[in-house]
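Notes for the one structure printed next.
Right, dumping it as structure tokens:
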């Protein structure tokens, strides 16, 4: 919440941001991939489950570009590839 205050965001913008973050947090911690969820575009629950089960990578939350920039998403993609190859075998 410090970020919106520092840039002088309007109260309604901060409230909207908090609502979106709360929805994303509930969705990611539910363990389900809801087809109607906006986090479906980001693999929210899968990424979050991986983050907690392997304790490595996926630190960016909804800001996936940070994981891409620092390479902390590579173990996740390797894990997903391994799971896909097991399903095909």
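Numbering (mature numbering (1 follows the signal peptide of the UniProt record, and there is no 0)), first residue to last: -28 to -1, 1 to 61.
Backbone N, C-alpha and C fix where the C-beta goes; we use that ideal spot for every residue, glycine too.
CB-CB length for residue i against residue j, believed under 8 Å
{"i": "residue -2", "j": "residue 6", "result": "7 Å"}
{"i": "residue 26", "j": "residue 47", "result": "7 Å"}
Span of the alpha helix (DSSP H), counted from its first residue to its last, around residue i
{"i": "residue 28", "result": "Taken as a continuous stretch (DSSP letters only), residue 28 belongs to no alpha helix (DSSP H), as it is neither H nor E."}
{"i": "residue -4", "result": "-18 to 2"}
{"i": "residue 45", "result": "Looking at the DSSP string, residue 45 is not in any alpha helix (DSSP H), and its letter there is neither H nor E."}
Exposed unless 16 or more other CB atoms sit within 10 angstroms - verdict on residue i
{"i": "residue 30", "result": "buried"}
CA nearest to the CA of residue i, picked from the options
{"i": "residue -6", "options": "-27, -18 and 17", "result": "17"}
{"i": "residue 23", "options": "39, 9 and 60", "result": "39"}
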